[in-house]
């Protein structure tokens, strides 16, 4: 259940999220990568709660944890449709 330490697991998660956003962060795709980010946060909290038999981590406590150990947020990296500047 706890094969990888949380610190190491968090670094892997950061890397995977960053790569996902760099690959899929194209014009007109922000809604999809933002939905992916929200679902990821839901699953991360779920699995962090499974790492211990103590009380579950509330969303408030989870967001405090994210303040201290932030994950990359979704962003558009490649803009294909740029409006002309006048």
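In my numbering, the protein residues as written are 1 to 86. Note that CB positions come from ideal geometry on N, CA and C, so glycine has one too. Here the structure is a predicted model, which means the values were calculated and not measured.
Is residue i helix, strand or coil when you go by DSSP?
{"i": "residue 77", "result": "coil"}
{"i": "residue 66", "result": "helix"}
For the alpha helix (DSSP H) containing residue i, list its first residue and its last residue.
{"i": "residue 48", "result": "30–50"}
{"i": "residue 58", "result": "Note, residue 58: premise wrong, no alpha helix (DSSP H); not H, not E."}
{"i": "residue 15", "result": "6–24"}
How close, in whole Å, do the beta carbons of residue i and residue j come, if the pair is a contact with beta carbons under 8 Å?
{"i": "residue 21", "j": "residue 75", "result": "6 Å"}
{"i": "residue 56", "j": "residue 49", "result": "5 Å"}
contact_flag[the stretch 64–81, the stretch 22–35] where n(CB pairs < 8 Å) is 3 or more: Cβ pair count under 8 Å is three or more, so yes.
Given 8 Å, three or more beta-carbon pairs between the stretch 8–20 and the stretch 66–73: yes
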